[in-house]
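All you need for this note's numbering is the position in the sequence shown, starting with 1, plus 475. Idealized CB from N, CA, C, for every residue including glycine. Here's the structure we're looking at; comments come further down.
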Amino acid sequence: MAAALGAGSSSAGPPGLPNSVPGHAALPAVAVWEWQDEFGRWRPYRGSVCSFIEQALQTPAQKGRRSGTGLASSSIPLGQADATLAPYVIDIPSLMQFRQDTGTMRSVRRHLFAQDSAAGQGIVWEWQNDEGGWSPYEMKVCVFLEQAFTHGLRHVDLSSLGYNYDIDFVSLVQTNKTSRFQRGIQRRMDTPYPVTTATGPLHTAVACSCQQCLLNSGTGPITTRYRHSMINLPSSSAVPQVSSRTAALSSSGLGFVPYNKPTLSGARSAPRLNTQSAWALPQPVGAGAPSPGLSASNGVSVPNLPVEMPKPSKVNQALAGWWKSLIASMMDTVTVTPSEPEQVVRKYLEELRGAPADEDCIICMEKLASPSGYSDACECKTIKPEAVGQLTKCQHAFHLLCVLAMYANGNKDGSLQCPSCKTIYGEKTGTQPKGKMEVSTFTQSLPGHQDCGTIQIVYSISRGIQGPEHPNPGMPYTARGFPRYCYLPDNEKGRKVLDLLRVAWKRRLIFTVGTSSTTGESNTVVWNEIHHKTEMDTNLSGHGYPDPNYLDNVLAELAAQGVTEACLRQ
476 MAAALGAGSS SAGPPGLPNS VPGHAALPAV AVWEWQDEFG RWRPYRGSVC SFIEQALQTP
536 AQKGRRSGTG LASSSIPLGQ ADATLAPYVI DIPSLMQFRQ DTGTMRSVRR HLFAQDSAAG
596 QGIVWEWQND EGGWSPYEMK VCVFLEQAFT HGLRHVDLSS LGYNYDIDFV SLVQTNKTSR
656 FQRGIQRRMD TPYPVTTATG PLHTAVACSC QQCLLNSGTG PITTRYRHSM INLPSSSAVP
716 QVSSRTAALS SSGLGFVPYN KPTLSGARSA PRLNTQSAWA LPQPVGAGAP SPGLSASNGV
776 SVPNLPVEMP KPSKVNQALA GWWKSLIASM MDTVTVTPSE PEQVVRKYLE ELRGAPADED
836 CIICMEKLAS PSGYSDACEC KTIKPEAVGQ LTKCQHAFHL LCVLAMYANG NKDGSLQCPS
896 CKTIYGEKTG TQPKGKMEVS TFTQSLPGHQ DCGTIQIVYS ISRGIQGPEH PNPGMPYTAR
956 GFPRYCYLPD NEKGRKVLDL LRVAWKRRLI FTVGTSSTTG ESNTVVWNEI HHKTEMDTNL
1016 SGHGYPDPNY LDNVLAELAA QGVTEACLRQ
């Protein structure tokens, strides 16, 4: 019976391209934006954030508008909709979410659902995570659960959506069909998602072959991160939620799929929207037409980012997080005198005499042939706003003033990281709070490594006060879930990873202070882009063993932070 319920999602082509489907009239729908976490799960932004994204895409006055694409804005700073999302920017041409303080990139997508669906009513279904907080299901699951709930069903099976779970609406419990582990679930009312128009057919069943579903199926790339994950085959669009419990798990129907690594093709400008893509982006709103992003009918209001500026700035068009803390405290134009920051910029970039005419600076999103987008927020006596420099190793080009702004808002440790390809210049350090790293070994083997014992790493960090390098200096930060136990095989490659993790720990790169992607709590200690295995004998969650790709992938992640074998010879 559960499989007969529709997911209620639709698709539409990008603006500027024919996207009508013969025989299908335009239908009212709601737009839901989702981001993909490191385990391949799609997690919806809140309705108010989606409304802000929709409005930004349909406001012709946005400076990021590119001629000929129909896109109103090429980058959208999410902190203007939700202060807890201040580090994040969505790059529309590449459909990626970019975190400015760590450089993390995640895929995003836009799905359309029926106006009378759970999304249209602002109903979100959530599951209880290991920290005791609540995490939302992806929206197609929320819609499916709400349909079943309103039909009076007592029980549904999520296997038709690619999840290995049974849902009991009476006891509000989710049960893993393999391990029998149970979690609580809840139904919560939130802001309805923004109204738009669907020009394609709506879903009629869970197994749908519409263009949007095909684009987001497991046949395409999962993400551009250096990650790997256990998935349910044949559908890779859903992965079981995180569980710290161990359970026997048959390998039948499961497989390892490595995430694609970023390509270093040498293309020096930000990727453009593929004109053949069928991503569902909204149509531009004509002059005087109401925006479906923030309409009076749904009562959505978007708070402004609490930043006091002396005059209108182009920074909101840029990756604003790099400059956020400095701008938030300034009352007058900042003047940077020739000092260490400028010396670092000059050390790693060579100034170009002629700027490429058709390339963008991906820091400020302005053309390289135009002045820096930071020119009205940062002045330097020896660097002109139109000056362009090229990094010496990777050859990527940026406004020199943009790189100066990026460096001035970081750790100022004498290193730079290319925001395009992540090449490290100098020795990168992080913002990890003080703590302790302890290592021990024991004879028990990890699944997949039966020929050796196990290395156990214990990280201990206590709560404290944020320093000047953290998001909110002077404010307390929490440290949940410590001590944290992690495991490596005690073989040659495992010991190599351990040695590099010791270097990363000394450089303060293992943890940082930020917002938890699991609980949503801000000002807390979180992992910092170096994957750890926190379970020994199950990989149901992606946090355990067996995992034949893990050691290679974590070596790549360490290298992305500038921690390589060369560090061990120093």
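List the DSSP bridge partners of residue i.
i	result
histidine 630	Asp643
serine 582	Met571
isoleucine 1005	Beta-bridge pairing links isoleucine 1005 to no other residue.
tyrosine 900	Leu891
serine 915	Gln931
phenylalanine 656	Paired residues: none, contrary to the question.
alanine 589	Ala504
valine 599	Arg663
phenylalanine 873	Gly864
glycine 1056	One cannot answer for residue 1056 here, as it falls past the ends of the chain, which runs 476 to 1045.
isoleucine 551	Ile565
serine 610	Trp602
aspartate 835	Lys842
leucine 921	His924
threonine 999	Thr953, Gly989
Measuring alpha carbon to alpha carbon, tell me which of the options ends up nearest residue i.
i	options	result
cysteine 893	Gln870, Glu913, Gln555	Gln870
methionine 664	Ala593, Thr625, Ser549, Glu967	Ala593
tyrosine 960	Ile528, Phe986, Gln931	Gln931
lysine 1008	Glu834, Leu973, Leu636	Leu973
glutamate 843	Gly829, Lys868, Lys856	Note that residue 843 corresponds to leucine in the displayed sequence, not to glutamate. When each option's Cα is compared against that of leucine 843, the closest is Gly829.
leucine 587	Thr999, Pro1021, Thr672, Asn884	Thr672
glutamate 913	Val978, Tyr934, Tyr668, Cys617	Tyr934
glycine 901	Thr953, Leu827, Cys1042, Pro951	Cys1042
serine 654	Asn639, Arg662, Gln661, Leu647	Asn639
methionine 950	Phe957, Thr999, Ile985	Thr999
tyrosine 668	Ile598, Lys652, Phe656	Ile598
valine 890	Arg585, Lys903, Gln925, Ala880	Reading off the sequence shown, one finds serine at residue 890, where the question assumed valine. Looking at the Cα atoms, Lys903 is the closest of the given residues.
valine 670	Ser582, Ser526, Glu944	Ser526
glycine 969	Gly989, Thr929, Leu984, Thr994	Thr929
arginine 1044	Glu841, Ile838, Lys971	Lys971
glycine 923	Tyr563, Pro1021, Phe986	Pro1021
cysteine 855	Gly637, Ala883, Glu944, Gly607	Ala883
leucine 636	Thr625, Asn651, Phe619, Val524	Phe619
glutamine 925	Tyr952, Asp888, Arg955, Asn966	Asn966
glycine 1065	Gly595, Leu827, Trp510, Gly515	The structure shown has nothing for residue 1065, since the chain only spans 476 to 1045.
valine 819	Ala589, Ile899, Arg518	Ile899
glycine 885	Gln575, Leu975, Pro519	Gln575
serine 947	Ser992, Gln530, Ala561	It is worth fixing the name first, because residue 947 is asparagine in this sequence and not serine. For the residues Ser992, Gln530, Ala561, the minimum Cα distance to asparagine 947 belongs to Ala561.
glutamate 1032	Pro958, Gly1019, Lys897	Lys897
arginine 662	Thr650, Arg977, Val616	Val616
glutamine 596	Gly522, Ile551, Ala531	Gly522
proline 1023	Cys839, Leu963, Ile565, Ala954	Leu963
Since residue i is in the beta strand (DSSP E), which residue starts that stretch and which ends it?
i	result
tyrosine 563	563-566
alanine 506	502-511
alanine 523	Per the sequence shown, residue 523 should be read as serine rather than alanine. From DSSP, serine 523 is part of no beta strand (DSSP E) but of the alpha helix (DSSP H) over 522-532.
valine 863	863-866
glutamate 1040	Element bounds for glutamate 1040: not the beta strand (DSSP E) but the alpha helix (DSSP H), 1040-1043.
glutamate 826	824-827
alanine 673	670-673
arginine 516	Note, arginine 516: premise wrong, no beta strand (DSSP E); not H, not E.
Is there a Cβ from chain C that is less than 8 angstroms from the Cβ of residue i?
i	result
glutamate 601	Absent from the structure is chain C; it holds one protein chain and no more.
Taking the alpha helix (DSSP H) that residue i belongs to, which residues open and close that run?
i	result
lysine 651	As written in the sequence, residue 651 is asparagine, which differs from the lysine given in the question. Run containing asparagine 651: none in the alpha helix (DSSP H); it sits in the beta strand (DSSP E), 648-651.
phenylalanine 624	614-625
lysine 1032	Position check: residue 1032 holds glutamate in this sequence, whereas lysine was assumed. Glutamate 1032 -> alpha helix (DSSP H) spans 1025-1035.
Flag residue i as yes when its Cβ comes closer than 7 angstroms to any non-hydrogen atom of the ligand GDP, and as no otherwise.
i	result
leucine 633	The ligand GDP is absent from the structure shown, which contains no ligand whatsoever.
Worksheet entry | Segments assigned alpha helix (DSSP H), at least 4 residues, entirely inside the stretch 931-995 | 967-981
Practice prompt. Evaluate contact between the stretch 938-950 and the stretch 917-925, counting only Cβ atoms and requiring at least three cross-stretch pairs below 8 angstroms.
Written response: no
Worksheet item: Contact between the stretch 629-645 and the stretch 503-511: three or more CB pairs below 8 angstroms?
Response: no
Worksheet item: Taking three-plus beta-carbon pairs below 8 angstroms as touching, is the stretch 630-640 in contact with the stretch 564-573?
Response: no
Worksheet entry | Three CB pairs or more closer than 8 angstroms across the stretch 995-1010 and the stretch 1023-1036 | yes
Worksheet item: So does the stretch 549-565 actually touch the stretch 607-616, counting three or more Cβ pairs closer than 8 angstroms?
Response: no
Worksheet item: Taking one C-beta from the stretch 1025-1033 and one from the stretch 597-608 each time, how about it: are there three or more such pairs within less than 8 angstroms?
Response: no
Worksheet item: Does the stretch 901-908 touch the stretch 876-884, meaning 3 or more C-beta pairs lie closer than 8 angstroms?
Response: no
Worksheet item: Can we say the stretch 820-836 touches the stretch 844-864, given the rule of at least three CB pairs closer than 8 angstroms?
Response: yes
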